[in-house]
Amino acid sequence: MSLRKILVPVLAIVIFLAFWEALVWFKDWPNYKMASPSDLVPAFKQYWHLFLSMGWQTLWRTVVGLLIAIVVGTILGMVMGFSKTMREALYPLLVGFNAIPKATVVPIVALMFVGAHDFNTILIAFMISFFPIAVSISIGLSTLEPEYRDILRALGASKATIFWKIALPKTLPEFFGALKVAVTLAFIGTNLMEIVSPHGRGLGALFDSAKTNSDYPLMFAVLIALAFLGIVLYYVVVVLERIFAGWAEREPT
Amino acid sequence: MQPLIDIKNVHLSYDTASGKLPVLDGFDMSVPEGGFVAVVGPSGCGKSTLTRLIAGLMKPDSGEVWLDGQQVTSPRATVGMAFQNPVLLEWRSILKNITLPLEIVPTKLNKAQQEERARYLLSLVGLEGFEQKRPSELSGGMRQRASLCRALIHQPDVLILDEPFGALDAFTREDLWQIMHDVKAREPFTGVMITHDLRESIYLADQVVVMSGRPATTQFVMDMPVTGARSIETLYTPEAADMLKVLRHQIEVAQGRAPSAASNTTGGH
């Protein structure tokens, strides 16, 4: 990776922080209205061990929820991609399910599985993030040109062979596009559960306790920590995309 | 001699929202071993359906399709196909695209021999040095040549070409015609080619079959005076002009734009 590729985004972040700092300074906002980046440093310093342990809690639940979303989303996408009937049957259900604000589902899930904090959080992270994956896989499979299937089918290849050799790799670029959306969605899901149903774990719980204690800089610090985790996970997906679907990237001409 | 491909009185119709749509209505065709037949006809007359029948991708409602003395009921490994769309897999190199059929059909070749054969075919079509390129790095004509190599890698008895050069410019197309003759001389096959280009049909084929408009029957058959490899100059002779004129008239009849003058007999000049 060239130095430029790192420098440009880092510079953009620095400019953003400077602008934020200046805005708070000029407007003379108290930190309960808007904390400035310089307020966050002490917050991170004071609670760094909490950030580490809570951040880990949030991260692993998000990743597990996301992995389940990938498995279930891929299976649903395959079912809808290969069968027109299943597509017609499942689409309205999925769209309806996706339209329900997950904030309203959180208390229901929390009541349904009282005490199963990890399970609840993972469940919400999964529920909020599988939809784009299922849709992208189903569209990728159902729009496969018939010639692609025919070149193997004419040789007597089975449906499974056609899926592994052609349909799946051809769908990978769409899949990774959806996964980038799903990553951030899964974070939202995890934190919804951690904030709404406090069980003392995860960055969402840290945010909630900061709110209770009127520690405004800490609340902002949690948001920044979440943004940081989001960026890290997003770029993990980017790296995976390069490895598995790098062929879809065209060299700039 | 028994023909390698024998299509006898085939009927086929598609189910559509507005009822049955007959596509083939008593179609006959036979190709001897090593022969090369071009099928021409108006748009939408069922030419592609015909290729799918020969490949065993579809079954006729009635009538029979025979390949090499066996009735075709399902796809078989002795067939190679190439389409207007070269459908190369972007995530594989050209070499790996060409050896793809060998991952499906049983083969006695080991990995090295497979690659050697792919390299040999690539050299036949003038693509040596492109083995490790990606399909997107090749021009349209080059991709079509690679697609032809893939169709031939498993030494099929029958090569089915569905408008293989339809999307290419005129000069590239003439290059590929020449390559087709060269390839057929080195890698013998029995060919069926669907085309919209009458010049292509008389230059490449031993026999041209005109399909009628939908539902299609065999409307007209013309045997070429010269078979096998021939010079491009043969296209610029008065005989060729006469043949083209006859075929053009037959297409107009098939389209319903001209009355049927001659009976459905074998032509030839």
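Taken in sequence, the protein lines are chains V and R. Number 158 in our numbering belongs to position 158 of the first sequence; there are no gaps in the numbering. Number 42 in our numbering belongs to position 42 of the second sequence; there are no gaps in the numbering. Backbone N, C-alpha and C define an ideal beta-carbon position, used for all residues, glycine too. Bear in mind the structure is a predicted one, so any value in this text is a computation, not a measurement.
Minimum Cβ-Cβ distance from residue i to chain V less than 7 Å
i	result
Met81/R	yes
Glu187/R	no
Trp66/R	no
Pro238/R	no
Trp177/R	no
Glu128/R	no
Glu90/R	yes
Ala146/R	no
Asn97/R	no
Ala55/R	yes
Val87/R	yes
Closer than 7 Å to chain R by CB, residue i
i	result
Trp247/V	yes
Ala156/V	This sequence places Gly at residue 156/V; Ala is not what is there. Output row for Gly156/V: interface = yes.
Leu152/V	yes
Tyr148/V	yes
Glu241/V	no
Beta-carbon proximity check, residue i vs residue j, cutoff 7 Å
i	j	result
Gly277/R	Lys8/R	Any property of residue 277/R remains undetermined from this structure, which presents chain R solely from 1 to 269.
Ile296/R	Glu174/R	There is simply no residue 296/R to check, as chain R begins at 1 and stops at 269 in what is shown.
Lys159/V	Val237/V	no
Pro169/V	Asp39/V	no
Arg94/R	Leu152/V	It is Ile, not Arg, that sits at residue 94/R in the sequence shown. Their beta carbons are not under 7 Å apart, which means Ile94/R does not touch Leu152/V by this criterion.
Ser129/V	Ala69/V	yes
Glu194/V	Gly200/V	no
Phe113/V	Phe119/V	yes
Leu90/V	Met80/V	yes
Gly56/R	Val37/R	no
Gly309/R	Thr190/R	Limits of chain R in this structure are 1 at one end and 269 at the other, which puts residue 309/R out of reach.
Pro215/R	Val39/R	no
Pro86/R	Gln178/R	no
Ser136/V	Phe175/V	yes
Exposure of residue i, with buried meaning 16 or more beta-carbon neighbours within 10 Å
i	result
Asn191/V	buried
Asp169/R	exposed
Thr85/V	exposed
Tyr148/V	buried
Arg61/V	buried
Asn97/R	buried
Lys184/R	buried
Gly19/V	The question names Gly, but residue 19/V is Phe in the sequence shown. It counts as exposed.
Ser136/R	exposed
Gln57/V	buried
Glu249/V	exposed
Gly140/V	buried
Asp61/R	exposed
Lys20/R	exposed
Leu232/R	A quick correction: the sequence has Ile, not Leu, at residue 232/R. Ile232/R is exposed by the Cβ-count criterion.
Ala22/V	exposed
Gly16/R	What sits at residue 16/R in the sequence shown is Thr, not Gly. Classification for Thr16/R: exposed.
Thr237/R	exposed
Arg4/V	exposed
Leu240/V	exposed
Arg199/R	buried
Phe26/V	exposed
His117/V	buried
Glu145/V	exposed
Leu4/R	buried
Val31/R	buried
Tyr14/R	exposed
Within-7 Å CB hit, residue i to chain B
i	result
Pro75/R	Of the protein chains in the structure, V and R, none is chain B.
*asked:* So within the region 89 to 175 of chain V, which uninterrupted alpha helix (DSSP H) runs reach at least 4 residues, ignoring any that extend past its ends?
replied: 102 to 112, 117 to 142, 146 to 153 and 159 to 162
*When you check each C-beta in the region 160 to 191 of chain V against every C-beta of chain R, which residues fall closer than 9 Å?*
Thr161, Lys165, Ile166, Pro169, Lys170 and Leu172
_Contained alpha helix (DSSP H) runs [length at least 4] in the region 143 to 228 of chain R, N- to C-terminal order_ = 170 to 186 and 198 to 204
*Determine which residues of the region 123 to 150 of chain V have a Cβ less than 8 Å from any Cβ of chain R, and write them out in chain order.*
Glu145, Glu147, Tyr148 and Asp150
*Any residues in the region 101 to 126 of chain R with a beta carbon nearer than 8 Å to a beta carbon of chain V? Which ones, in chain order?*
Pro101, Glu103, Ile104 and Val105
*May I have a chain-ordered list of the alpha helix (DSSP H) segments no shorter than 4 residues that lie completely inside the region 38 to 90 of chain R?*
47 to 54
*What are the residues of the region 15 to 48 of chain R that lie near chain V, defined by any Cβ-Cβ distance shorter than 8 Å?*
none
_Contact list for the region 133 to 160 of chain R against chain V, Cβ threshold 7 Å_ = Arg134 and Ser136
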